[in-house]
Structure formats: C-alpha cells, structure tokens
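Read left to right, the sequence shown gives residues 73 to 153 (the working numbering). Here the structure is laid out as structure tokens; the discussion comes afterwards.
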Amino acid sequence: MIFQKSSRDRELLDVKTLVKDVLRRWQADARRTGVALETYLEEEPVTVVGNRVQLQQVISNLVANAIDAVNEATGGERVVQ
C-alpha cells in the first residue's frame, strides 16, 4: 500500500474511519489470498491527535502483518479481526 506524502500536520482524527479506510484498501488483496477481514468497532467515537498519513501507515502495516501471519497458518478459516 502506498499513501500520499506525509506532512507533519497533526490533527484530530477518527481512528474508526482510518481503520475502515485502510481495510477497504486491503480487502481485495486479502480476498485474493483467501483471508477474510472482519471488524468489530465500538459505537463511540475514538479520536486521537496525530498525523493522518503516519497513522494510516501504522494501521496498514498491522493489517499486512496479520494477513501474512494468517496466510502461514494451516487448516481452518483464515480470518483477521
């Protein structure tokens, strides 16, 4: 995944929206490798102050690592939650 160039701007961010956006970008790759992506997010807002691009990259790295780990598993359903 490639994101736009990072700026140093810090802003109030909705973490749930960032997670959903990153998962949407990974959905096709996950499906192609037989991995299901599932989310269970609280209804309350989850906000942080930070750099949008950097947080997207962190979340994307976590998703990529989870997909890689699940792809190495044998047997059963392959799901990242």
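Positions of the beta carbon are idealized from the N, C-alpha and C atoms, including for glycine.
Exercise for the section: Answer yes if the segment 120-131 comes into contact with the segment 139-151, meaning at least three C-beta pairs across the two stretches below 8 angstroms, and no otherwise. Expected result: Because the criterion of three Cβ pairs below 8 angstroms is not met, the segment 139-151 and the segment 120-131 do not touch.
Exercise for the section: Would you identify the three-state DSSP class for E144, choosing helix, strand or coil? Expected result: Counted from its first residue, the sequence shown places residue 144 at position 72. In this structure, DSSP gives E144 a helical state, which the three-state scheme calls helix.
Problem - Bounding residues of the alpha helix (DSSP H) (the contiguous stretch that carries V120) - result: Within the sequence shown, the letter at position 48 stands for residue 120. Element bounds for V120: not the alpha helix (DSSP H) but the beta strand (DSSP E), T119 to G122.
Handout entry: CB contact flag (L85, V142, <8 angstroms)
Key = The residue you call residue 85 lines up with position 13 of the sequence shown. The residue you call residue 142 lines up with position 70 of the sequence shown. No, these two residues do not count as a Cβ contact at 8 angstroms.
Handout entry: Proximity winner among V135, R104 and N123, relative to E110 (alpha-carbon distances)
Key = Here residue 110 refers to the residue found at position 38 when the sequence shown is read from its first residue. Of the listed residues, the one whose Cα sits closest to E110 is V135.
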